[in-house]
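These protein sequences, in sequence, are chains A and B. Per my numbering, the first sequence starts with residue 8, numbered consecutively. Per my numbering, the second sequence starts with residue 8, numbered consecutively. In what follows, a structure is listed as structure tokens, so that the remarks can point back to it.
2 protein chains.
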Amino acid sequence: MDLKPLQHFLSLAETLHFGRASAACHISPSTLSRSIQQLEDKLGVSLFKRDNRSVNLTSEGIKFEKYAREALVQWSAIRNELMAESKELKGEISVYCSVTASYSFLYDILRRFRHRYPSIEIKLHTGDPDSAIDLVTSGKEDIAISARPDQLPTEIRFHSIGLSPLVFIGPASGEIETPQSLNDWSRTPMILSEKGIGRKRVDRWFTAKSVKPRIYAQVAGNEAIVSMVSLGLGIGVVPQIVLDNSPLSDKVQILDIKPWLAAYDVGLCVLEKKLKSPLIQAFWELL
Amino acid sequence: MDLKPLQHFLSLAETLHFGRASAACHISPSTLSRSIQQLEDKLGVSLFKRDNRSVNLTSEGIKFEKYAREALVQWSAIRNELMAESKELKGEISVYCSVTASYSFLYDILRRFRHRYPSIEIKLHTGDPDSAIDLVTSGKEDIAISARPDQLPTEIRFHSIGLSPLVFIGPASGEIETPQSLNDWSRTPMILSEKGIGRKRVDRWFTAKSVKPRIYAQVAGNEAIVSMVSLGLGIGVVPQIVLDNSPLSDKVQILDIKPWLAAYDVGLCVLEKKLKSPLIQAFWELL
DNA sequence: CAGGTTATTGCGTAAAATGATATATTTGCA
DNA sequence: TGCAAATATATCATTTTACGCAATAACCTG
Chain A
8 MDLKPLQHFL SLAETLHFGR ASAACHISPS TLSRSIQQLE DKLGVSLFKR DNRSVNLTSE
68 GIKFEKYARE ALVQWSAIRN ELMAESKELK GEISVYCSVT ASYSFLYDIL RRFRHRYPSI
128 EIKLHTGDPD SAIDLVTSGK EDIAISARPD QLPTEIRFHS IGLSPLVFIG PASGEIETPQ
188 SLNDWSRTPM ILSEKGIGRK RVDRWFTAKS VKPRIYAQVA GNEAIVSMVS LGLGIGVVPQ
248 IVLDNSPLSD KVQILDIKPW LAAYDVGLCV LEKKLKSPLI QAFWELL
Chain B
8 MDLKPLQHFL SLAETLHFGR ASAACHISPS TLSRSIQQLE DKLGVSLFKR DNRSVNLTSE
68 GIKFEKYARE ALVQWSAIRN ELMAESKELK GEISVYCSVT ASYSFLYDIL RRFRHRYPSI
128 EIKLHTGDPD SAIDLVTSGK EDIAISARPD QLPTEIRFHS IGLSPLVFIG PASGEIETPQ
188 SLNDWSRTPM ILSEKGIGRK RVDRWFTAKS VKPRIYAQVA GNEAIVSMVS LGLGIGVVPQ
248 IVLDNSPLSD KVQILDIKPW LAAYDVGLCV LEKKLKSPLI QAFWELL
């Protein structure tokens, strides 16, 4: 029972473009090409009319599209029906994320999942966001919430759930002026993550501006940055989502500094292999 | 798009017996066992309740049975619809059989096929029935009509279309008496195939009876046997189907000689591999 | 006609399926 | 109770299939 070819077909029918469709399916163009060819062989008709520059559904392809959608819906339906009946998808899923994420993104997801699969236990672990990918890769956690790293390991599947701008913040009191000139920058004390995606982006930003920042403190955890900035120790860089969920958000202000830093692409990570497990797959399909 | 697991499931749901179900699917029991396990993994529920002695559908299995049937029907339907629309399943299929078979069994099959797929050309070759299996195995012919040999090559799929008794015949004039005693047998001239399944069965029959027959002629082709017998040269052994289609059938008579020879199991042969081809598959599914 | 884009195809590698054999557990019968 | 038969599953070696990279060929655009 393998319905991947149907998904491939539908993806290609939507995009009419092998490159984009294959990317959407997380496969290579050649695999997609052959997947379609096999379908066509089994059906005995060609589903797409394609020259080297364009792709279009044939009349048979249009008919098959209906079938493919229905077939996938029905499979999904029987799957859910059976799972629902034996409410025993007993087991547990471990989820790792930062404290902030547990307040914001995670809440809705877990509520839905809990409602749908009440017998599945979720073990929630919070900690350093920068460890998230490693913990998933090594299999210590099933799922993690993390910002998408610049290059995603191939064995990781990522599902974006939102963008959060990376913003400069200063104390609300205004006791530290927004830096303008290069000179300002070299005088203003900075409070930065000691590592991680955010730190890398900030470093690149400074390099592009040819500024050597005066680093006052390097800390672990965005929440700590907010604390220190609110105390007037310097200006910092945090994802806006952290501010939205911080009790100190009225003690700091977002600074209008350009160019903007590239936003965080926050989403869920899971090991590709684990998507075969019914539990993990059930979770993933709720997204 | 692989629906084999569904067929496996349905087969097991019918028989509730791994051995018989796997035989029906032309796979080994272990393959069937794993096929079911994989389905259950994907669904997250168990479809059969089985101890080491019995197999039974679970309540989920019963629901899934409905789904499986429908899914197969729908797949078959879209397949036929698409094929029918593009009446171009253009291509050709080569069929090999004996002259007799071309008169009897083949007629109905070809008529249905021609009606369903008018654009497929059928190349019909007639010849020695004993070569049929070899021609299919070597790929020289797509499909052949043949009696099922005592042991079928594993790569050949056989579909029975009828039994034809293997009968002793003598001249209608009665000028040759039906042999009774061992002595009679050693005096009566026999006209036999020089090789082939029929000849083997006859040889075994004589061996079991401890008779050494007096062989008058060994010929190629059952039609030739009928001719010689009708001329009164001896008694022979042919499949009854040959008589039914022979213009000489009133010149010979069937002799009441016991024990009966095992009947021919006549059917179609195809190379397992070729069933993947849409043309061959279309033909095969009409049976 | 040149340059870039894009579906397809060869090919080497990795993963999966398959069937023969072995194992464990249960049932039937003595 | 103990022995034998039956049978679903596990293991392993082999074959088959899938996958992605890189190269190819065909086509559009300027």
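By construction, the Cβ of each residue, glycine as well, lies at the ideal position given by its N, Cα and C atoms.
Boundaries (first-last residue) of the beta strand (DSSP E) holding residue i
| i | result |
| --- | --- |
| Y114 of chain A | Run containing Y114 of chain A: none in the beta strand (DSSP E); it sits in the alpha helix (DSSP H), F112 to R123. |
| A224 of chain B | R221 to V226 |
| R60 of chain A | Neither: R60 of chain A is in no beta strand (DSSP E) and is coded neither H nor E. |
| T22 of chain A | It is not in any beta strand (DSSP E) - T22 of chain A instead sits in the alpha helix (DSSP H) that spans K11 to T22. |
| P178 of chain B | I163 to P178 |
| V244 of chain A | I242 to P246 |
| L189 of chain A | It is not in any beta strand (DSSP E) - L189 of chain A instead sits in the alpha helix (DSSP H) that spans L189 to R194. |
| S153 of chain A | I150 to A154 |
| L286 of chain A | Careful: L286 of chain A lies outside any beta strand (DSSP E), inside the alpha helix (DSSP H) at P285 to E292. |
| L268 of chain B | L268 to L278 |
| I100 of chain B | G98 to C104 |
| Q158 of chain B | Unbroken run through Q158 of chain B: none, as it is neither H nor E. |
| I261 of chain A | V259 to I261 |
CB contact below 9 Å: residue i versus chain B
| i | result |
| --- | --- |
| Y103 of chain A | no |
| E67 of chain A | yes |
| W291 of chain A | no |
| M235 of chain A | no |
| A269 of chain A | no |
| R41 of chain A | no |
| V351 of chain A | The question about residue 351 of chain A has no answer, for chain A in this structure spans 8 to 294. |
| E92 of chain A | yes |
Beta carbon proximity, residue i to chain A, threshold 9 Å
| i | result |
| --- | --- |
| F71 of chain B | yes |
| D149 of chain B | no |
| M197 of chain B | no |
| Y223 of chain B | no |
| E88 of chain B | yes |
| E279 of chain B | no |
| L46 of chain B | yes |
| A78 of chain B | yes |
| P285 of chain B | yes |
| Y74 of chain B | yes |
| E99 of chain B | no |
| I85 of chain B | yes |
Integer Cβ distance of residue i from residue j, believed to fall under 8 Å
| i | j | result |
| --- | --- | --- |
| I152 of chain B | V236 of chain B | Incorrect: roughly 24 Å between the Cβ atoms, too far for contact. |
| P178 of chain B | G134 of chain B | About 28 Å separates the two Cβ atoms, so there is no contact after all. |
Residue i vs residue j beta-carbon contact at 9 Å
| i | j | result |
| --- | --- | --- |
| L255 of chain B | G205 of chain B | no |
| I168 of chain B | P156 of chain B | no |
| H166 of chain A | L294 of chain A | yes |
| E163 of chain A | L286 of chain A | With the sequence shown as reference, residue 163 of chain A is identified as Ile, and Glu is not the correct amino acid for it. No; because the gap between Cβ atoms is not below 9 Å, this pair is not in contact. |
| V226 of chain A | I261 of chain A | no |
| S127 of chain B | A289 of chain B | Note that residue 127 of chain B is Ile in the sequence shown, not Ser. For I127 of chain B and A289 of chain B, yes; Cβs fall inside 9 Å. |
| N297 of chain A | F55 of chain A | What is shown of chain A runs 8 to 294, which leaves residue 297 of chain A out entirely. |
| Q45 of chain B | M90 of chain A | no |
| S111 of chain A | D251 of chain A | yes |
| P335 of chain B | I222 of chain B | Look at the range of chain B in this structure, 8 to 294, and you will see that residue 335 of chain B is not part of it. |
| Y271 of chain A | S180 of chain A | no |
| A75 of chain B | F16 of chain B | yes |
| E77 of chain A | Q81 of chain B | yes |
| N229 of chain A | V259 of chain A | no |
| I176 of chain B | V106 of chain B | no |
Residue span of the alpha helix (DSSP H) that contains residue i, given as start and end
| i | result |
| --- | --- |
| V52 of chain A | Note, V52 of chain A: premise wrong, no alpha helix (DSSP H); not H, not E. |
| E230 of chain B | N229 to S237 |
| E184 of chain B | Note, E184 of chain B: premise wrong, no alpha helix (DSSP H); not H, not E. |
| K130 of chain B | Run containing K130 of chain B: none in the alpha helix (DSSP H); it sits in the beta strand (DSSP E), I127 to T133. |
| S35 of chain A | Run containing S35 of chain A: none; DSSP gives neither H nor E here. |
| V143 of chain A | A139 to T144 |
| V209 of chain A | I204 to K216 |
Proximity winner among the options, relative to residue i (alpha-carbon distances)
| i | options | result |
| --- | --- | --- |
| D137 of chain B | B:K280, B:Y110, B:C276 and B:L170 | B:C276 |
| L79 of chain A | A:L142, A:L10 and A:M90 | A:L10 |
| L278 of chain B | B:Q14, B:L159 and B:L17 | B:L159 |
| S284 of chain A | B:S29, B:S35 and B:E47 | B:E47 |
| R86 of chain B | A:H33, A:K49, A:G98 and A:K147 | A:K49 |
| I242 of chain A | A:A31, A:E21, A:N59 and A:E184 | A:E184 |
| W267 of chain B | B:K281, B:S35, B:K216 and B:L189 | B:K216 |
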